Amino acid sequence: MSSDQAFSTLLEFVEDELGFATSHYNESYLDRRVSSRMRRTESDTYEAYLELLEDDAEEQTALLDSLSINVTGFFRNPDVWEGIRDVLRELSKTRDSIHVWSAACADGREPYSLSMLAHDDPEIDESAIHITATDISEPALETAREGAYTESRTVDLSEQLAFLEEYERYVDHDDRTYTVREEVGQNISFERHDLINDDPKSGFDLVICRNLFIYIDNEYKQSMLETIAHSLQPSGYLVIGKAETIPPALKTAFAVTEGRLRIYQLEDTATQTAARLE
Ligand SMILES: C[S@@+](CC[C@H](N)C(=O)[O-])C[C@H]1O[C@@H](n2cnc3c(N)ncnc32)[C@H](O)[C@@H]1O
2 MSSDQAFSTL
12 LEFVEDELGF
22 ATSHYNESYL
32 DRRVSSRMRR
42 TESDTYEAYL
52 ELLEDDAEEQ
62 TALLDSLSIN
72 VTGFFRNPDV
82 WEGIRDVLRE
92 LSKTRDSIHV
102 WSAACADGRE
112 PYSLSMLAHD
122 DPEIDESAIH
132 ITATDISEPA
142 LETAREGAYT
152 ESRTVDLSEQ
162 LAFLEEYERY
172 VDHDDRTYTV
182 REEVGQNISF
192 ERHDLINDDP
202 KSGFDLVICR
212 NLFIYIDNEY
222 KQSMLETIAH
232 SLQPSGYLVI
242 GKAETIPPAL
252 KTAFAVTEGR
262 LRIYQLEDTA
272 TQTAARLE
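Rendered as structure tokens:
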């Protein structure tokens, strides 16, 4: 069997037997993740790794963990959070209640950052902000609901939180663990949502969906953004990851608000445009 064939067979096994939709992700990303597990298990070929994977439940879990791309942080890309602050301030001027969707929220640090920012900024009324935070991964959502994060050698949580001068008002700190205070979680509801297979939501003034599209095959990227477009209010805002782009077919649906920060606004006619593309 050629190496390409062996890789395809391996991906088929992961999709059919382990339930991870490999076909939605781009191949170079999948290859990097699989190759890293192959190094860890000292498997020289895709075939050898597949053989091991078939019989080893622990390795199946390890591979699935490594595929679910859960890197995140509080106030990731601080300049983008200044842009998000501006959007929330702008929305606060005209709305009594503001609905925000943190889509693909990973372990919850993104929606907690949103809530902390709302509590911290005098121009934003935190009681008006309602955050829906979703992810495909149940383990990630479990951590998110707990709201407790532990520092490691490579992750400096106080540095991440330092975006807010007095972040101690929003987290309890015990040795290396930071626990988000109850009031910060009160306006957030966590639920599972798969951006590829589940239905759109509705009525959001702002959707933040960052650092997922980079891993996704182009074909699915467009349908995910259509799901998001359908979930936004007319003129609602969208924030994507700094290394991400809107696919060409959807460019007319979103007006650029702050290009460098990847902040967009749904064009008034965009709901129709998105519908036409279906
Ligand atoms: C790299 S994290 C991004 C977290 C956060 N948005 C950020 O920028 O820090 C990507 C997240 O996407 C989630 N994910 C992967 N496929 C998904 C899908 N089809 N629908 C929803 N979430 C998905 C993963 O579980 C992971 O938590």
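Position one of the sequence shown corresponds to residue 2 (my numbering), numbered consecutively onward.
Idealized CB from N, CA, C, for every residue including glycine.
Keep in mind it's a predicted model, so treat the numbers as computed, not measured.
Asked	Found
Can you find a heavy atom of ligand 1 that lies under 6 angstroms from the Cβ of ASN219?	no
Assign GLY186 to buried or exposed, taking buried as 16 or more other Cβ atoms, counted over all protein chains shown, within 10 Å of its Cβ.	buried
So what's THR46 in DSSP terms, helix, strand or just coil?	coil
Tell me the rounded alpha-carbon separation between SER69 and GLY148.	19 angstroms
Taking the C-alpha atoms as reference points, what is the distance between ALA119 and ILE125?	6 angstroms
With a threshold of 6 angstroms, establish whether the CB of GLU111 neighbours any heavy atom of ligand 1.	yes
Taking 6 angstroms as the cut-off, is the CB of VAL156 close to at least one heavy atom of ligand 1?	no
Roughly how many whole angstroms lie between the Cα atoms of ALA275 and GLU184?	For ALA275, the pLDDT reaches just 49, beneath the cut-off of 50, and the residue's location in the model is therefore unreliable, although a value from the coordinates is still provided. Between ALA275 and GLU184, the C-alpha separation is close to 37 angstroms.
Take every Cβ of the segment 250–260, pair it with every Cβ of the segment 224–238, and state whether three or more of those distances are shorter than 8 angstroms.	yes
Would GLY237 be called buried (16 or more neighbouring beta carbons within 10 Å of its own) or exposed?	buried
Given a threshold of 16 other Cβ atoms within 10 Å of its Cβ, counted over all protein chains shown, does SER138 qualify as buried or as exposed?	buried
Can you tell me whether ALA107 sits near ligand 1, meaning its C-beta is under 6 angstroms from at least one heavy atom of the ligand?	yes
State the CB to CB distance for the pair GLU48 and MET2, rounded to an integer number of angstroms; the pair is presumed to be in contact (CB under 8 angstroms).	7 angstroms
Candidates HIS25, PRO112 and GLU18: which alpha carbon is nearest ILE209's?	PRO112
Cβ of THR180 versus every heavy atom of ligand 1: is any distance shorter than 6 angstroms?	no
Under a Cβ-count criterion, where at least 16 other Cβ atoms within 10 Å of its own Cβ denotes burial, should ASP17 be classed as buried or exposed?	exposed
Can you tell me which of the three DSSP states PRO79 falls into?	helix
Quick one: does the C-beta of SER69 sit closer than 6 angstroms to a heavy atom of ligand 1?	yes
Buried or exposed: which applies to LEU12, given that a residue is buried once 16 or more other Cβ atoms fall within 10 Å of its Cβ?	buried
With PRO1 as the anchor, note down where its alpha helix (DSSP H) starts and where it stops.	The structure shown does not extend to residue 1, since the chain spans only 2 to 279, so no value can be given for it.
So what does DSSP say about GLY260, is it helix, strand or coil?	helix
Please check if any C-beta of chain C sits within less than 7 angstroms of the C-beta of GLY186.	Absent here is chain C; the protein component of the structure consists of one chain.
Quick check: what's the CA-CA separation for ARG1 versus ALA145?	What is shown of the chain runs 2 to 279, which leaves residue 1 out entirely.
Assess contact between the segment 77–85 and the segment 187–204, defined as three or more Cβ pairs (one per stretch) separated by less than 8 angstroms. Is contact present?	no
Quick check on the burial criterion: 16 or more other C-beta atoms within 10 angstroms. Buried or exposed for LYS94?	exposed
In the DSSP assignment, find the alpha helix (DSSP H) that holds GLY237 and state where it starts and stops.	No alpha helix (DSSP H) holds GLY237; the beta strand (DSSP E) holding it covers 233–241.
Under the rule that 16 or more other beta-carbon atoms within 10 Å means buried, what is THR73, buried or exposed?	buried
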